[in-house]
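Protein chains in written order, with the numbering used here: chain U, 1 to 117; chain L, 1001 to 1571.
Cβ coordinates follow ideal geometry from the N, Cα and C atoms, glycine included.
All remarks here apply to the structure that follows.
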């Protein structure tokens, strides 16, 4: 059911950003991979909610996030992102954490159905 | 018996600590490390017990140095010691992760459910009785800021016991989830205004203006308090009360002679001038207490407020992108802000950065281009009286140097600069008693560090003059000082003394009658050329001797280049 809903969705401006980024930085897997229903924290829009499905970094990143209670399966909200590849702020429960752009691009999220539209 | 206060960072541990302890609080470093913790004592059933505020930790599987120390302190406990696990009620799940790890260690523990009052605003209800039943240790709801429940916590301290709660480590989060499901009930609620403000100050569109306004206000408030204290307290006390005393002493000592000049200093037109006389009891006391302390106090009031309200982590997020340009990440703003008060705590705070590269870059640009409050107070007094635009040149030059050196370091210094990763705690109204205690500890530290060094500086200045050493060094260094920097030979004395205290060094410029151009150059060079001795020793400890020597070479060279350029450019 979920797969059907998420099929190939990507907000228009993300597409535009991916095109620009590709031009600037060459092929970037984290931007182009955008596997239909999976977005990285970087690709999410501020205010969107989703569930963490994968943390693509090493053991260190997973452990740091885990200590804050941010782990696979958790519902998170993206609060904000700073301009020019700045850090992403996310909220899990009543915890807010700021992650650098690189880290944020390694956290993959499945958007909630109602946030898809 | 010892009591260890343990919990996540930002859960109000230090407020609980301040509630429980008296005035005998000391901050110290954990043996052999640079991680700081606070220690105090409290009365329990008629005897004194030691209370330790362990550095905040999210987990007992450490992810950073401070967490390693927390675990070590836990391992160091002896039988009879008790753990107070401070838990953030509004963040039960995350907090219980640590609680379960603590319980597994079989230590006598008691859980303090802090921020109990906040749960109501946040639509959270927690069944503390049930939690106590499940965990098998006492669970006491408290609100440390108002003091509610703290007495109850103390009463129940003797009930602390080790728990028989069992679980598999791999299943810990699962267990935590089960417990939370059983004891916590969350209902819908509206965001509080503090939360709305919190979110607004990390979104670029609203956050950047907020940060600018806050920093502007901070600057205004510091000037208002600082100038007010100087005008209404500092100067009257020195001019009306202290001046007659030292004048009398001066005439008793015969208004001249070696000893008189040492204690009272030179008389200017038969009068004592606190800025120029340069005696121990005149300038030696006036500089640290009359001229500098008001600004130091004002600075620490504002800084402590910004820290305790939760603004600093948000500022760190906002400036992260910019800080990456100088090879650092957002959190490196903390040592820079602290450095504006005094470079020593600033240098100590570079520890929060993980890699050697980051520490080298931040410590070097800090000690070159971030002027401490003592230096600033004197420069504002001396240069500022000629007009604010000249002050702007001094600050503008230092800022430009900070950025430029940072960018160069970012390109040339080897090593890694990791990304920012930090918890952003909610905005909270600061707890007055903790705030005042913090400001007091900082002021006490300033007085203890500054006053003896200023007196020593003044003493040495007098001796150097008496024995003609300053005149001698002035002659040797004349080509550099006069040709490159365009300063008179005597200014070399200020550069020598600047190594001891920069505020005294600026004071030495007063009698020289410098032009405004020379004042600007001298101020910038004094800020940049070398750290004062207190900062220097701290940096040697933090960076190691080799890196410090490299850093020092950069300081000397860049100050000569910048001073020389100013000499060429300024009309």
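Is it buried or exposed for residue 1412 of chain L, if we count other Cβ within 10 angstroms and need 16 for buried? Locating residue 1412 of chain L in the second chain gives position 412, counting from the first residue. Residue 1412 of chain L comes out exposed.
For residue 1 of chain U, which residues of its own chain have a beta-carbon under 7 Å away from its beta-carbon, when the five flanking residues on both sides are left out? On the first chain, position 1 is the one that residue 1 of chain U refers to. In this prediction, residue 1 of chain U has a pLDDT of 39, which is less than 50 and means its spatial position is unreliable; nothing more can be read from the coordinates.
Start and end residues, beta strand (DSSP E) containing residue 1475 of chain L: Walking along the second chain from the start, residue 1475 of chain L turns up at place 475. Boundaries around residue 1475 of chain L are those of the alpha helix (DSSP H), 1469-1476, since no beta strand (DSSP E) includes it.
Give the interface partners of residue 1329 of chain L over in chain U, defined as CB-CB distance under 9 Å, in chain order. For the purposes of this step, residue 1329 of chain L is identified with residue 329 of the second chain, where counting begins at 1. Ordered by position in chain U, the residues that pass the 9 Å Cβ test against residue 1329 of chain L are 87, 100.
Relative to the C-alpha of residue 1356 of chain L, which candidate in L/1123, L/1115, L/1542, L/1017 has its C-alpha closest? If you number the second chain from 1, residue 1356 of chain L lands on position 356. Closest option to residue 1356 of chain L, Cα to Cα, is L/1542.
Taking contact to mean at least 3 C-beta pairs separated by less than 8 Å, is the region 1411-1426 of chain L in contact with the region 1344-1360 of chain L? yes
Burial state of residue 83 of chain U, where buried means 16 or more other Cβ atoms lie within 10 Å: For the purposes of this step, residue 83 of chain U is taken as the residue at position 83 of the first chain. Its Cβ having fewer than 16 others within 10 Å, residue 83 of chain U is exposed.
Beta-carbon proximity list for residue 1310 of chain L, same chain, < 7 Å, skipping 5 on both sides: The residue you call residue 1310 of chain L lines up with position 310 of the second chain. Excluding residues within five positions, the ones whose Cβ falls inside 7 Å are 1425, 1426, 1427, 1428.
Of all Cβ atoms in chain U, is any one closer than 8 Å to the Cβ of residue 1202 of chain L? As a working note, residue 1202 of chain L is residue 202 in the second chain. Interface residue, yes.
Looking at C-alpha atoms only, which residue of L/1173, L/1017, L/1179 is the closest neighbour of residue 1130 of chain L? The residue labelled residue 1130 of chain L in the question sits at position 130 within the second chain. Out of L/1173, L/1017, L/1179, L/1179 has the C-alpha closest to the C-alpha of residue 1130 of chain L.
Residue 1114 of chain L versus residue 1085 of chain L: straight-line alpha-carbon distance, rounded: Taking the first residue of the second chain as position 1, residue 1114 of chain L is located at position 114. Taking the first residue of the second chain as position 1, residue 1085 of chain L is located at position 85. Rounded to whole angstroms, residue 1114 of chain L to residue 1085 of chain L spans 10 Å at the Cα level.
Can you list, in chain order, the residues of the region 1408-1426 of chain L whose Cβ is nearer than 7 Å to any Cβ on chain U? 1419, 1420, 1421, 1422, 1423, 1424
Sort L/1195, L/1364, L/1229 by Cα distance to residue 1327 of chain L and report the nearest one. In the second chain, the residue the question calls residue 1327 of chain L occupies position 327. The shortest C-alpha separation from residue 1327 of chain L is found at L/1364.
For residue 1074 of chain L and residue 1007 of chain L, believed in contact at Cβ under 8 Å, the rounded distance: For the purposes of this step, residue 1007 of chain L is identified with residue 7 of the second chain, where counting begins at 1. For the purposes of this step, residue 1074 of chain L is identified with residue 74 of the second chain, where counting begins at 1. The pair is not a contact, with the Cβ atoms about 12 Å apart (cut-off 8 Å).
If you check the beta carbons only, do residue 1555 of chain L and residue 1529 of chain L fall under 8 Å apart? Within the second chain, the letter at position 555 stands for residue 1555 of chain L. Within the second chain, the letter at position 529 stands for residue 1529 of chain L. Yes. Within cutoff.
Roughly how far, in whole angstroms, is the beta-carbon of residue 1436 of chain L from the beta-carbon of residue 1500 of chain L, given that I think they are within contact range, below 8 Å? Looking up residue 1436 of chain L in the second chain gives position 436. Looking up residue 1500 of chain L in the second chain gives position 500. That belief does not hold up - the Cβ atoms of residue 1436 of chain L and residue 1500 of chain L are roughly 31 Å apart, past 8 Å.
Please list, in chain order, all residues of the same chain as residue 1224 of chain L whose beta carbon is under 6 Å from its beta carbon, the five residues on each side excluded. In the second chain, residue 1224 of chain L corresponds to position 224, counting from 1. No residues qualify anywhere along the chain.
Closest Cα partner of residue 106 of chain U within the set U/60, U/47, U/48: Taking the first residue of the first chain as position 1, residue 106 of chain U is located at position 106. Of the listed residues, the one whose Cα sits closest to residue 106 of chain U is U/60.
Is the Cβ of residue 84 of chain U closer than 8 Å to any Cβ of chain L? On the first chain, residue 84 of chain U is found 84 positions in, with the first residue counted as 1. By this cut-off, residue 84 of chain U is an interface position.
Residue ranges of each beta strand (DSSP E) within the region 1119-1189 of chain L, 3 or longer: 1124-1126, 1139-1141, 1184-1186
On the premise that residue 1002 of chain L lies in contact with residue 1050 of chain L, defined as a C-beta separation below 8 Å, what is that separation, rounded to the nearest angstrom? Counting from 1 along the second chain, the entry for residue 1050 of chain L is found at position 50. Counting from 1 along the second chain, the entry for residue 1002 of chain L is found at position 2. Sure, about 5 Å apart at Cβ, within 8 Å.
Assign residue 1040 of chain L to one of three DSSP states: helix, strand, or coil. Along the second chain, one-based indexing puts residue 1040 of chain L at 40. Three-state result, residue 1040 of chain L: strand.
Determine the chain L residues that contact residue 51 of chain U at a beta-carbon separation under 9 Å, and present them in chain order. Numbered from 1 along the first chain, position 51 holds the residue referred to as residue 51 of chain U. Chain L residues near residue 51 of chain U: none, gap ~15 Å exceeds 9 Å.
Please confirm whether residue 1318 of chain L and residue 1208 of chain L have their CB atoms less than 8 Å apart. Indexing the second chain from 1 puts residue 1318 of chain L at position 318. Indexing the second chain from 1 puts residue 1208 of chain L at position 208. It is a contact, given that the beta carbons lie within the stated cut-off.
Residue 1370 of chain L and residue 1339 of chain L closer than 8 Å at C-beta: Position 370 of the second chain, counting from 1, holds the residue named residue 1370 of chain L. Position 339 of the second chain, counting from 1, holds the residue named residue 1339 of chain L. Yes, Cβ-Cβ distance for residue 1370 of chain L and residue 1339 of chain L is below 8 Å.
Checking contacts by CB at 8 Å: is residue 1167 of chain L closer than that to chain U? Stepping through the second chain from its first residue, residue 1167 of chain L is reached at position 167. So no, residue 1167 of chain L is outside the interface.
Could you work out which residue in L/1106, L/1093, L/1185 is closest to residue 66 of chain U when comparing CA atoms only? On the first chain, residue 66 of chain U is found 66 positions in, with the first residue counted as 1. Looking at the Cα atoms, L/1093 is the closest of the given residues.
Please compile the residues from chain U whose C-beta is within a distance smaller than 8 Å of the C-beta of residue 1318 of chain L. Start at 1 with the first residue of the second chain, and residue 1318 of chain L comes out as number 318. Result: 82.
DSSP state of residue 1489 of chain L mapped onto helix, strand, coil: Start at 1 with the first residue of the second chain, and residue 1489 of chain L comes out as number 489. Residue 1489 of chain L falls in the coil class under three-state DSSP.
Taking the straight line between their C-alpha atoms, what separation do you get for residue 1260 of chain L and residue 1283 of chain L? In the second chain, counting from the first residue as 1, residue 1260 of chain L sits at position 260. In the second chain, counting from the first residue as 1, residue 1283 of chain L sits at position 283. Roughly 13 Å separates the two Cα atoms.
Name the chain L residues whose beta carbon is nearer than 9 Å to that of residue 40 of chain U? Here residue 40 of chain U refers to the residue found at position 40 of the first chain. Going along chain L, no residue has its Cβ under 9 Å from residue 40 of chain U, so there is no contact; the nearest lies around 14 Å.
Is the separation between the beta-carbon of residue 1286 of chain L and that of residue 1458 of chain L shorter than 8 Å? Within the second chain, residue 1286 of chain L is the residue found at index 286, counting from 1. Within the second chain, residue 1458 of chain L is the residue found at index 458, counting from 1. Not in contact: residue 1286 of chain L and residue 1458 of chain L (Cβ atoms no closer than 8 Å).
Report the three-state DSSP secondary structure of residue 1551 of chain L (helix, strand or coil). As a working note, residue 1551 of chain L is residue 551 in the second chain. Reduced to three states, the DSSP call for residue 1551 of chain L is helix.
Name the residues in the region 1115-1148 of chain L whose C-beta lies less than 8 Å from a C-beta of chain U; which are they? 1122
Is the CB of residue 1185 of chain L under 8 Å away from at least one CB in chain U? Here residue 1185 of chain L corresponds to residue number 185 of the second chain, with the count starting at 1. For residue 1185 of chain L, the answer is no, since every Cβ of chain U falls outside 8 Å of its Cβ.
Residue 1571 of chain L: buried (16+ other C-beta within 10 angstroms of its C-beta) or exposed? In the second chain, the residue the question calls residue 1571 of chain L occupies position 571. Exposed is the call here.
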